[in-house]
Every structure is written in C-alpha cells, then in structure tokens.
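In what follows, a structure is listed as structure tokens, so that the remarks can point back to it.
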Amino acid sequence: MKKTTWLVIISLVIALVLFISGVVLGGVDELVGVYHQGELNISLPFIKTRDIEKEFVNIEELDIKASAGDFEISEYNGDKIKVVAKNVSRKTELYQDNNTLIFKENFKIDLFSINNNTKVQIYIPKNYQFGEVKIDIDAAGFKVPNLLVDELEVDVDAGSFKADKIIADKIFIDVDAGNAKIGLLDSKKSEFDADVGDIKVTMAGSESDYSYEADCDLGDIEIGSYHGDGISNEYQYHGGNRSIKADCNVGSIIIKMEV
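Using full-length UniProt numbering, read the sequence shown as starting at 1 and increasing by one per residue.
Written as structure tokens, this is what we have:
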C-alpha cells in the first residue's frame, strides 16, 4: 500500500477520534449546563449527593415523589414528623407548603444503571392521622407499616409499594409496570388500576360488606369469590355500602377478604 494511502487512512482515523471526543465532551458540558438550569430531571454520576435531616410540625398532607432507592414511613414515639434522607441528589426538594410536606427526589444515573443507594426514612408519630397522602413512585421501593389517612393516592411506575395496614376513607392505587401489595386495607371506597403490573390486597371484613365492579382485558383479576381471566371480562357484585372498583389491562389484580 502506498505511503500516501496510509497517511490518508491515519488522518481519517485521527479525525474520527477527535470528532467523537469533541461530541462526547461537548455533550457532557451541555448536560451539565442543562442540569444546573434545573431542566434535567436526573442527577448525573459526577454530581455530588447529600444527606438531609429535617423536622416538621402541623403537617396534614404528604406529597412524595420517589424516583429511586428505598423509602419507608415508620411510626415512632416523637411528636413531630422527621425526614432522614441519605445519598439523595442535591437537586432534591424537601419543604413544607402550608400544611403539606413535599418531597421531590431526583434519581441518579451511575454510568449505565440507576444508582439506587438513596435511602429515605419518614418518621411519623404513632396513630398520626393525615388528611391526604400522595405517593408517586418511579423505580423506588416504598414501605409503609401503618397508615391512617382520609384519602390516599399511590402511583407506581416501575417500582414497588408495600404496606402492612392502611385505614382510609378513600384509596386509589395505579400500577403501570411495578407492583403494589397491602396486607390489610380498611377503606370505604377503593379503586385499583393495573396496566402490566401486579396489585395484591386483603380487604378488611367479608365480601358481603362490599359492592364491586371488575373490568379485565387480557390480564387476571380476582375479587373475593369472583375470578376472571381471559379477554374482556366485566363483572358487578352488589353487596354492602363499601365499594371496590378494579380495572386490569394485561397485569393482575388479586383482592382477598379478611373473613
């Protein structure tokens, strides 16, 4: 091969390497700039994390955005609501707006995977009664041993929600590709929606305490003595004053009764 041909090939290789390097470096600089402008809802691997610990009083509502990591609401003997967050993005927001405690956590990307080392503990006084609680879960795991609330809304994307016992007037659980499990639910009005995820709940009382309606496309659904699977199943049961509405796409909803 002629010397001039080798020179051309080497020049092309060098030019390609310099071009790729420039794109990568420029892309990183651009990502950092967008991040600092607050327009990027992720925390990059080279962005520092922090720990947060705060106490709150006069809280009636919770509004929690959990992107990744482990979250847990626990009862303790104190008289204030205390939040202890470890290894969260510095863009994480934790503040009180009137009577609402707001937590918005931005997940971190560790090269090619999500860094789920975030741990958030929310301590509430024993038998604490909330007016409204909203929990939005992306890829996080969320645990709730006991919760007393008027209205509860849980939206699970690809994460998980697990509760031992919930007492509520009204509850709405929406699961996309994740899962939700409640050991015992005492609610007057309950609504469950599963896309490709799974929902498992045990309701307080017996089947005769409830009136319910089920709608299932390609998934699997069970409520009390009713079991429907296959294509486009719809069913209604008229019992007591408490109500259950379950809508399942291709996932599964299993609702059992305590008695």
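Even glycine gets a Cβ: it sits at the ideal position worked out from N, Cα and C.
query	result
Taking one C-beta from the segment 148 to 156 and one from the segment 80 to 93 each time, how about it: are there three or more such pairs within less than 8 Å?	no
Going by C-alpha to C-alpha distance, which of 137, 209 and 183 sits closest to residue 176?	137
According to DSSP, is residue 258 helix, strand or coil?	coil
Please name the residue in 91, 188, 206 and 251 whose C-alpha comes closest to that of residue 217.	251
Here's the rule: buried if 16 or more other CB atoms are within 10 angstroms of the residue's CB, otherwise exposed. What is residue 187?	buried
For residue 256, count the other beta carbons within 10 Å of its own beta carbon; 16 or more makes it buried, fewer makes it exposed. Which is it?	exposed
Would you call the segment 86 to 101 and the segment 160 to 178 touching, i.e. three or more CB-CB distances under 8 Å?	no
Roughly how many angstroms separate the alpha carbons of residue 95 and residue 225, rounded to a whole number?	45 Å
Could you tell me the distance, in whole angstroms, from the CA atom of residue 35 to the CA atom of residue 103?	With a pLDDT of 40 at residue 35, under the threshold of 50, the modelled position of this residue cannot be trusted, and the question is left open.
With DSSP as the reference, label residue 114 as helix, strand or coil.	Because the pLDDT of residue 114 is 49, which lies under 50, any placement of that residue in the model is unreliable, and the number read from its coordinates should be weighed accordingly. Strand.
In chain order, what residues of the same chain have a beta carbon less than 6 Å from the beta carbon of residue 60, not counting five sequence neighbours either side?	99 and 131
Confirm, please, whether the CB-CB distance from residue 246 to residue 212 is below 8 Å.	yes
For the segment 136 to 184, which segments carrying the beta strand (DSSP E) assignment without a break, of at least 3 residues, lie completely within its bounds, in sequence order?	141 to 156 and 160 to 175
Near residue 144, which residues of its chain fall below 6 Å by C-beta distance, leaving aside the five closest residues on each side in sequence?	73 and 163
Which word fits residue 156, buried or exposed, when buried means at least 16 other C-beta atoms lie within 10 angstroms of its C-beta?	buried
What is the C-beta distance between residue 192 and residue 173, in whole angstroms, given that I count them as a contact (C-beta under 8 Å)?	5 Å
Looking only at its chain, what residues have a beta carbon closer than 7 Å to the beta carbon of residue 121, apart from the 5 residues adjacent to it on each side?	72, 74 and 84
How would you label residue 234, buried or exposed, when you count the other beta carbons within 10 angstroms and need 16 or more for buried?	exposed
If you draw a straight line from the C-alpha of residue 254 to the C-alpha of residue 118, how long is it?	30 Å
Measuring only the C-alpha atoms, how far is residue 140 from residue 219?	24 Å
Nearer than 7 Å: is that true of the beta carbon of residue 58 relative to any heavy atom of the ligand ADP?	As far as ligands go, the structure on display features none, and thus does not contain the ligand ADP.
Cβ atoms of residue 126 and residue 77: under 8 Å apart, would you say?	yes
If residue 199 sits next to residue 223, beta carbons under 8 Å apart, how far is it from one beta carbon to the other, in whole angstroms?	With a Cβ gap of about 11 Å, residue 199 and residue 223 do not count as contacting.
I need the DSSP call for residue 207, collapsed to helix, strand or coil.	helix
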